[in-house]
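There are 2 protein chains.
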Amino acid sequence: MNSIHSTKDFSDLLSLQPEDRSQLIKKVTNYYIQFLDGLPEGKAYLGDEDAGKALASMPFQENPYPIDQIFDVFHQSVTENGINPCSGKHFGYVPGGGIETAAWGDFLGALTNRYSGINFANPGAVRMENQVISWMCNLVGYDHRSHGSLLSGGSIANLTGIIAARDHKELKARDFERAVIYLTDETHHCVQKALRLAGMGEAVIRYVPMDEQFSMRPEALDAIINEDLRIGLIPFLLIGSAGTTNTGAIDPLDNLAGIAANHQIWFHVDAAYGGFFLLVEALRSKFKGIEKADSIVMDPHKSLFMPYGSGVILVRNAEHLFKSNYYTAAYLQDDMEGQDERSPADYSPELTRHFRGMRLWFSLSMFGISPFRQVLAEKIDLSHYFYREIQKAGFEVGPFPALSISLFRYVPKDGDANEANTKLLALIHADGHIFVSSTTILGVLWIRMAILVFRAHRKEVDFAIKTMEKLKNSMNIH
Amino acid sequence: MNSIHSTKDFSDLLSLQPEDRSQLIKKVTNYYIQFLDGLPEGKAYLGDEDAGKALASMPFQENPYPIDQIFDVFHQSVTENGINPCSGKHFGYVPGGGIETAAWGDFLGALTNRYSGINFANPGAVRMENQVISWMCNLVGYDHRSHGSLLSGGSIANLTGIIAARDHKELKARDFERAVIYLTDETHHCVQKALRLAGMGEAVIRYVPMDEQFSMRPEALDAIINEDLRIGLIPFLLIGSAGTTNTGAIDPLDNLAGIAANHQIWFHVDAAYGGFFLLVEALRSKFKGIEKADSIVMDPHKSLFMPYGSGVILVRNAEHLFKSNYYTAAYLQDDMEGQDERSPADYSPELTRHFRGMRLWFSLSMFGISPFRQVLAEKIDLSHYFYREIQKAGFEVGPFPALSISLFRYVPKDGDANEANTKLLALIHADGHIFVSSTTILGVLWIRMAILVFRAHRKEVDFAIKTMEKLKNSMNIH
């Protein structure tokens, strides 16, 4: 009972003094410019396990650390360490985004700290999120009945879609062991994880055969469903992919939608990687049927170039998301007024969360939509270019890229190809100027060239090809 | 196949030109200073439903909008609208945080966009998150076997804990309808929502009687469990609260831990609101037994003053979180020993997400821990002060505040008290200088004074009391 009567000014304890604030602004903005300036010449991978250890020298303590030390440790341990998702030469996994306007959007969102979960709390923040969602619903071809939710990434977004499917079917828990989910070997593993999280770990998973493009075979799907019905199981969920993580394969969505409708199965499309390629007019036909999906996942931190932490679930019928996620309580009683705008919390497993709409709204407003379309079209062109050129450099390729991911590998005349490519990968990672990842499909180890960073252009792709050719030749395997 | 050969410089499409970048830096930093300078005199609630509608005048279009227009619309629609969680006069719900260093942490995190999900991708970012988690584990009294995960908020954090409990018990889905969860009427509703999301919507929920402080009665709990066992149900989860949302009540954690251990029930503590009050030495005894909980939820965006989007789940035994969230459970032991640093994705329902550790690490390093302790102690002192002074102003109070939330109401000599307080609330909201919320417990409508914003000091509390007294008197009800 002393602090409030003391002469000490508590108001300053968690606020910066004006001179410290000025210093911080200068420090951050200098770092910002330097960071962006350093990207073209910097490495895409700095595999220094030890670099992170500098953090251990700075345990949290009662008093502040000097600002220079904080920035040095951050720079050494985090920025100069591991994979650089901002590098134009990052071609691994699904490459990261991170456009600068989104970082400012996050800053403004966190500074003003508006509550974006419930309309009553901030009708502006809620309207902003809903505006972003409507734009996406429109992009996939959904009508006014649709809605969605901004989430942290593909895993939670897929989980939210799967829960909606489960609840729509009104399955009782005792039936979970007879419920069947259809997907392919190439479906992202977060789907299986989501089933388990949703309490359906005992559900039956059917891996539907694929064609040589790693796309689901619709006729095989139909046959399996019929057999499952015959033996008394409950087909309830079909997962289509619109851009698999491994190869970018797109399942025949229109056919799958028809089969799902016939059997009254929920059709969920995981377009986490590929979804925003819908912005490219020339690619829209590949996604035909996506508008018939019951739910769709897209990750703005992938094909919309946002920083990590942006996933979205869209549903064709808003009520399906509402049914699973709506819940109210006495302490929210003030919020019942003003329901002209849908509250995100009613359509999401989250109540309070990061004001994710801000980074999206700010970036889409600052740049307009056109540059996103153009950059995505460029990625497709670059992939086709890469697919042709990497063969000239003596590599074997996988299927022609459906989107912006190519599989390729070096096949030596003598010796084991998988072993040779494992070695080559190690050399590429040790070099670090470019970053690529790998995958194994049907026992074959492939190197993956995933082109999606908005800073990747022809120069970076040419550099990647030259680097891999040079390292391959240095191995002295024939 | 034209874009990569054209003369157009695609590298500029999603990057700002130097002059635009300078302009943006100036714009943001001016906004930052103005925003903070405006807080002391600004309103805590601006209930302008129409303000958000300016956004509709700015639909996403192919081309950019002028930067001034973007900032104007953001300011009008979002910042000058609804509840201001940054205001020192915001005493509603659980008040928001939003310290400025966290906003810069978010900026730096989004700019450099490091992948914090898997150790290989960025050992520094992962180590940083783990350092934050270890510090919290230590705070609650957990030993080296513990671990946790940084999530978006209390809802997903509670969901993650409940899933861990479900999986630890190795319940089959067909048993869900016989599984029993114990909580009180005052448990946050996200727990019931989480049960439903986790596939356990049919589970049995027991509302354990409370004492007059709204804390769970341990002897009642024990009796109910024994009866449930007798009739063949499966008691599996006990939820304790360490700071309920309504009143800040703390359940008798030590007693509950003992009962849970006796019956081999998972003991989960929701300390989303109250958890960081553990930093105040004088309050630690109230949390006695929390270190025996199997899992604990805390929200750094509440009692650690971070911006929205910071929740954390901690588990006493890391393996319990790993079991639910690691995708292939087969190599469980080997993997846990083999990893020099634990990967967040293995302990979280998320794979890719916002690099949440950064805002926390940056803030704890920039300020040190001491100011957090002092400001939290100040909030407790202010609550005791408020509790005494509001009575002098002619209001009736609820139980003495366990933490920083007080219930109070105006009881007129004639007429309905609930009606009078509903009217008073409407007047307070219309005035907007302060913001408080309300709740109904056992049919009684209470106004809630929740003191947690770090900018709330004695001046703001005095102002709140004066404002409410004045508005109450203006109603002319006796």
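Quick note, the sequences are listed as chains H and W, same order.
For the first sequence, the residue numbers in my numbering are 529 to 1006.
For the second sequence, the residue numbers in my numbering are 529 to 1006.
C-beta atoms are modelled at their ideal positions from N, C-alpha and C, and glycine is treated no differently.
Predicted model only: the values in this text are computed from it and were never measured.
Practice task
State yes or no: is the C-beta of Lys994 of chain W nearer than 8 Å to some heavy atom of the ligand GDP?
Solution key: Ligands are entirely absent from the displayed structure, and the ligand GDP is therefore not among its contents.
Problem - Min CB distance Pro587 of chain H to chain W below 9 Å - result: Yes, its Cβ sits closer than 9 Å to a Cβ of chain W.
Exercise for the section: Note down, in chain order, each residue of its chain lying with its Cβ closer than 7 Å to the Cβ of Leu725 of chain H, except the 5 sequence neighbours on either side. Expected result: Leu687
Exercise for the section: Could you confirm whether any beta carbon from chain H is found closer than 9 Å to the beta carbon of Leu544 of chain W? Expected result: yes
Handout entry: Contact set between Glu878 of chain H and chain W, taken where Cβ atoms lie within less than 8 Å
Key = What Glu878 of chain H touches in chain W: Ser680, Gly681, Ser683 and Ile684.
Practice task
For the beta strand (DSSP E) holding Thr688 of chain H, just list the boundary residues, first then last.
Solution key: Per DSSP, Thr688 of chain H belongs to no beta strand (DSSP E); it is in the alpha helix (DSSP H), Gly682 to His696.
Handout entry: Beta-carbon proximity of Ser605 of chain H to Leu583 of chain H, cut-off 9 Å
Key = Between Ser605 of chain H and Leu583 of chain H, the C-beta gap is smaller than 9 Å, which places the two residues in contact.
Practice task
Jot down the residue ranges of each uninterrupted beta strand (DSSP E) in the segment 956-999 of chain H, minimum 3 residues, whole runs only, in chain order.
Solution key: 965-969 and 972-978
Handout entry: Among H:Arg887, H:Gly896 and H:Leu765, the one whose alpha carbon lies nearest that of Pro828 of chain H
Key = Measuring C-alpha to C-alpha distances from Pro828 of chain H to each of H:Arg887, H:Gly896 and H:Leu765 identifies H:Arg887 as the nearest.
Exercise for the section: Report all residues from its chain with a CB closer than 8 Å to the CB of Tyr913 of chain H; omit the five preceding and five following residues, and keep chain order. Expected result: Around Tyr913 of chain H: Arg986 and Val989.
Handout entry: Own chain partners of Phe850 of chain H with C-beta closer than 7 Å, once the 5 adjacent residues on each side are dropped
Key = Close CB contacts of Phe850 of chain H within its chain, under the 7 Å cut and outside five residues either way in sequence, are with Asp874 and Tyr875 (chain order).
Handout entry: Below-9 Å beta-carbon distance, Gly570 of chain H vs any chain W residue
Key = no
Practice task
Provide the residue(s) that pair with Asp798 of chain H in DSSP beta bridges, ordered along the chain.
Solution key: H:Ser769 and H:Val825
Exercise for the section: For Thr629 of chain H, I'd like the list of residues in its chain whose CB is within less than 6 Å of its CB, leaving aside the five on either flank, ordered along the chain. Expected result: Phe890, Ser891 and Met894
Handout entry: Between the CA atoms of Thr968 of chain W and Pro927 of chain W - distance to the nearest angstrom
Key = The C-alpha of Thr968 of chain W is placed about 14 Å away from the C-alpha of Pro927 of chain W.
Practice task
Would you verify that the beta carbon of Ala846 of chain W is, or is not, closer than 9 Å to some beta carbon of chain H?
Solution key: no
Problem - Touch test, the segment 878-887 of chain W against the segment 619-635 of chain W, Cβ-Cβ under 8 Å, three pairs minimum - result: yes
Practice task
Thinking Leu757 of chain H and Val736 of chain H are a contact (beta carbons under 8 Å), I'd like their distance in whole angstroms, please.
Solution key: Not quite, the Cβ-Cβ distance comes to about 15 Å (not below 8 Å), so this is no contact.
Problem - Member of W:Leu935, W:Asn658, W:Asp779 and W:Arg706 whose CA lies at the smallest distance from the CA of Arg916 of chain W - result: W:Leu935
Practice task
Rounded to whole angstroms, what's the CA-CA distance from Met864 of chain H to Asn774 of chain W? Just pull it up for me.
Solution key: Low per-residue confidence applies at Met864 of chain H: pLDDT is 49, beneath 50, and the placement is therefore not dependable, though the value from the model is reported in the following sentence. Using only the alpha carbons, I get a separation of about 17 Å.
Exercise for the section: Please check if any C-beta of chain H sits within less than 9 Å of the C-beta of Arg983 of chain W. Expected result: yes
Practice task
Kindly indicate which residue of H:Ala638, H:Glu547 and H:Ala579 has the alpha-carbon position closest to the one of Tyr836 of chain W.
Solution key: When each option's Cα is compared against that of Tyr836 of chain W, the closest is H:Ala638.
Exercise for the section: Would you mind telling me which residues of chain W sit closer than 8 Å to Leu892 of chain H, beta carbon to beta carbon, in chain order? Expected result: Phe588
Practice task
Using a Cβ cut-off of 9 Å (strictly closer), state whether Cys665 of chain H contacts chain W.
Solution key: no
Problem - Contact check, Met664 of chain H vs Gly682 of chain H, beta carbons under 9 Å - result: no
Practice task
Please confirm whether Leu766 of chain H and Leu711 of chain H have their CB atoms less than 9 Å apart.
Solution key: yes
Exercise for the section: Would you kindly check if the distance between the Cβ of Gly669 of chain W and the Cβ of Ile818 of chain W is under 9 Å? Expected result: yes
Problem - Local conformation of Leu935 of chain H per DSSP, three classes - result: strand
Exercise for the section: Return the chain-ordered ranges of every alpha helix (DSSP H) run that is complete within the segment 542-597 of chain W and spans a minimum of 4 residues. Expected result: 546-566
Practice task
Buried or exposed for Lys994 of chain H, please, with buried defined as at least 16 other CB atoms from any protein chain shown within 10 angstroms of its CB.
Solution key: exposed
Exercise for the section: Output, in sequence order along the chain, the residues in the segment 702-716 of chain H whose CB is closer than 7 Å to any CB in chain W. Expected result: Arg702, Phe704 and Glu705
Problem - Contact between the segment 581-600 of chain H and the segment 727-743 of chain H (3+ Cβ pairs under 8 Å) - result: no
Practice task
Using a Cβ cut-off of 9 Å (strictly closer), state whether Phe635 of chain W contacts chain H.
Solution key: yes
Exercise for the section: Using a Cβ-Cβ cut-off of 9 Å, state whether Pro737 of chain W counts as contacting chain H. Expected result: Interface with chain H (9 Å Cβ-Cβ cutoff): Pro737 of chain W is excluded.
Practice task
State the start and end residues of the unbroken beta strand (DSSP E) segment that holds Ile759 of chain W.
Solution key: Segment: none, Ile759 of chain W is in no beta strand (DSSP E) and carries neither H nor E.
Exercise for the section: Measure from the C-beta of Phe923 of chain H to each C-beta in chain W and report whether the shortest distance is under 9 Å. Expected result: No, Phe923 of chain H does not count as interfacial toward chain W.
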